[in-house]
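Have a look at the structure below, then the notes.
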Amino acid sequence: MITVWGRATSVNVQTVIWALAELGLACERHDVGGAFGGNDTPDFLAMNPNGLVPVLRDGDGPFLWESAAIVRYLGAGYGDGQFWPVSPTARATVDKWAEWIKTSFGPAFLTGIFWPSIAVPEAKRDLAAIAAAEKRLKTLAAMLDARLAEGAYLGGEDVCFADMVVGAPLYRYYTLDFERADTPNLRAYYERLTARPAYAEHVMVSYDSLRAK
Ligand SMILES: N[C@@H](CCC(=O)N[C@@H](CS)C(=O)NCC(=O)O)C(=O)O
1 MITVWGRATS VNVQTVIWAL AELGLACERH DVGGAFGGND TPDFLAMNPN
51 GLVPVLRDGD GPFLWESAAI VRYLGAGYGD GQFWPVSPTA RATVDKWAEW
101 IKTSFGPAFL TGIFWPSIAV PEAKRDLAAI AAAEKRLKTL AAMLDARLAE
151 GAYLGGEDVC FADMVVGAPL YRYYTLDFER ADTPNLRAYY ERLTARPAYA
201 EHVMVSYDSL RAK
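Residues in the sequence shown are numbered consecutively from 1, following UniProt numbering.
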């Protein structure tokens, strides 16, 4: 049995739950974090000293945290050669985009635009800072757009582990009201993802509960 700790509204939890669903793996998920709390208890901190979700445990294996590392674990353990490319070159060629989304595009969008828009009441938003972040993000979105001109998914005609990491934040990217770059390949990639039942169920989850009241 695979167990996941983390609320369904967390994009990092969504990354993991979506990967599990794509791989046909069942899991038991416990709501932890955000309004549910429970991530600052001694028991939780023993699983993840960062106090963050997700955490995954496969059977009686070690407690795993960091969503991208978890997806790589699932790919290596349960994925076929499409989901988890065998050749180190093929794997690193898609994995670099997973790293990049975590370190470049993701923070630029989530820290620069999403949270300052959603967690701050409209009257108090720093619109100049959000506009500056929009400008920075347009450059990054153009880079991803150019990469996605090469094929349907990052690793070819079907999803691979890196799509889980890259694709998960795109639901928020495309449903939040802000000024996006014109990126037809990225838009088409997102639309392909939305047609996948596992993405629709686990990633296209309302974030209204996260909005500032
Ligand atoms: N780099 C970590 C980030 C984990 C993280 O920041 N998780 C957030 C939710 S997306 C969290 O636990 N926030 C505290 C909370 O939900 O209470 C990962 O990818 O798993």
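Just so it is clear, CB atoms sit at the ideal spot from N, CA and C, and this is done for glycine as well.
Nothing here was measured: the structure is a model prediction, and the numbers come from that model.
Exercise. What residues match up with residue 125 in a beta bridge as DSSP calls it?
Worked result: For residue 125, which the question treats as bridged, DSSP gives no partner whatsoever.
Exercise. Cβ atoms of residue 113 and residue 130: under 7 Å apart, would you say?
Worked result: yes
Exercise. Roughly how many whole angstroms lie between the Cα atoms of residue 78 and residue 18?
Worked result: 14 Å
For this session: Have a look at residue 35 and residue 6 and give me their C-alpha separation to the nearest angstrom.
Result: 11 Å
Exercise. How would you call residue 115, buried or exposed, if buried means at least 16 neighbouring beta carbons within 10 angstroms?
Worked result: exposed
Problem set entry | CA nearest to the CA of residue 12, picked from 58, 23, 64 | 64
Exercise. Between which two residues does the beta strand (DSSP E) harbouring residue 4 extend?
Worked result: 2-5
Exercise. Do residue 158 and residue 186 have their C-beta atoms closer together than 7 Å?
Worked result: no
Exercise. With respect to the beta strand (DSSP E) encompassing residue 55, which residues constitute its N-terminal and C-terminal limits?
Worked result: 55-58
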